[in-house]
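The structure appears right after this line, and notes come after that.
Numbering (the numbering used here), first residue to last: -18 to 45.
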């Protein structure tokens, strides 16, 4: 199970994730939920949109 994304979309998601956690703590905020949000937002920014249900399913599969 995977979400096929362009390299630019993945890089955008990583930048969003790192910029947020540069000023916030991993202890106070759930990293997994924010990673899903960054993935979804990056796909929308780069116009490579995925259904939110697909993103949730992939993260759930990875967590198992």
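Here a beta-carbon is modelled for each residue, glycine too, at the ideal position from N, C-alpha and C.
Just so you know, these numbers come straight off a predicted model, no measurement behind them.
Note down, in chain order, each residue of its chain lying with its Cβ closer than 7 Å to the Cβ of residue i, except the 5 sequence neighbours on either side.
| i | result |
| --- | --- |
| residue -7 | 23, 26 and 27 |
Alpha carbon to alpha carbon, what distance is there between residue j and residue i?
| i | j | result |
| --- | --- | --- |
| residue 10 | residue 4 | 11 Å |
| residue -9 | residue 30 | 12 Å |
| residue 35 | residue 6 | 27 Å |
| residue 42 | residue 33 | 14 Å |
| residue 14 | residue -11 | 21 Å |
| residue -2 | residue 8 | 15 Å |
| residue 0 | residue 45 | 27 Å |
| residue 20 | residue 37 | 10 Å |
| residue 12 | residue -4 | 14 Å |
Indicate whether residue i and residue j have their beta-carbon atoms separated by less than 9 Å.
| i | j | result |
| --- | --- | --- |
| residue 17 | residue 40 | yes |
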